[in-house]
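Going letter by letter, the sequence shown gives residues 156 to 328 in the numbering used here. Where is the CB? At the ideal position from N, CA and C, for every residue including glycine. To keep things clear, I will list the structure first and then write my remarks on it.
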Amino acid sequence: MEKVHVIKVGGAVIEDEKKLSVFLDSFSAIKEKKILIHGGGRVATDIGKKLGIEPTMVEGRRVTDEETLDLVTMVYGGLVNKKLVARLQKMDQNGIGLTGADGSLIVSKKRPIRNGVDYGWVGDPIRVNVKIVADLLKAGLIPVIAPLTHDGNGQIFNTNADTMAGVMAKALV
156 MEKVHVIKVG
166 GAVIEDEKKL
176 SVFLDSFSAI
186 KEKKILIHGG
196 GRVATDIGKK
206 LGIEPTMVEG
216 RRVTDEETLD
226 LVTMVYGGLV
236 NKKLVARLQK
246 MDQNGIGLTG
256 ADGSLIVSKK
266 RPIRNGVDYG
276 WVGDPIRVNV
286 KIVADLLKAG
296 LIPVIAPLTH
306 DGNGQIFNTN
316 ADTMAGVMAK
326 ALV
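Below is the structure:
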């Protein structure tokens, strides 16, 4: 596969309009094939608080119970993802909004209990569907991927966007 840029953007940039504009200008300037994987934890925290859902964090990772999983699925897969896609489309960048669960782009397994901490519905990636990624890129699309994955058995997971970007980049080598 030819060179593909896998770029991750986090909630601190997404939440700041000026930083986001600068980031999207730089991202749009990349002429080679590219993939954008985004976080959005700060947005999820802000919306969750408005809904009465307080975040539980351990070592910077969100503990994800059922209620929090519903929240992050809506925020990451909906609000944040579609806003990024719309901004890219405005810049003549043909983004397509997805989650790692769509097309089994990234399949995960439930994170095991570590040091006595049960992270809940948090997934650790085990497989990337390189064929679908290659097909999207070949079609001239820019995958914009939200940090949600699944286990192949119907369970959605909240998955760290940095980890997703790393496994995606490694799979495309």
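Short of 8 Å from the beta carbon of His160, and not among the five residues preceding or following it, lie these beta carbons of its own chain, in chain order: Ile185, Glu187, Lys188, Lys189 and Ile190. Annotation note: the region 156–199 contains the following uninterrupted alpha helix (DSSP H) runs of length 4 or greater, listed N- to C-terminal: 166–169 and 172–184. Nearest to Gly166 by C-alpha distance, out of Lys325, Gly321, Ala324 and Ala301, is Ala301.
For Ile261, the closest C-alpha among the options Leu327, Val164, Ala199 and Met319 is that of Met319. Put simply, the backbone Cα of Lys245 is about 34 Å away from that of Thr219. Taking the Cα of Leu296 as reference, the smallest distance to any Cα among Pro280, Ile162, Ile268 and Ile251 is reached at Ile251. In the DSSP assignment, Ile287 falls within the unbroken alpha helix (DSSP H) covering Val285 to Lys293. In the three-state reduction of the DSSP assignment, Thr314 falls in the coil class, being assigned neither a helical nor a strand state. Considered as a whole, the region 210–266 harbours 250–254 and 261–265 as its complete beta strand (DSSP E) runs of no fewer than 3 residues, in chain order. Contact annotation: Val322 and Val283 have beta-carbon atoms nearer than 8 Å. Distance from the CA atom of Thr254 to the CA atom of Ile192, rounded to whole angstroms, is 9 Å. Burial is judged here by how many other beta carbons sit within 10 angstroms of a residue's own beta carbon; Val285 has fewer than 16 and is exposed. In terms of CA proximity to Gly215, Gly196 leads the group Gly196, Val227, Ser176 and Ile268.
Around the CB of Asp257, 16 or more other CB atoms lie within 10 Å, so the residue is classed as buried. According to the DSSP assignment, Pro298 belongs to the beta strand (DSSP E) that extends over Ile297 to Ala301. Nearest to Ala326 by alpha-carbon distance, out of Thr304, Ala289, Gly307 and Leu303, is Ala289.
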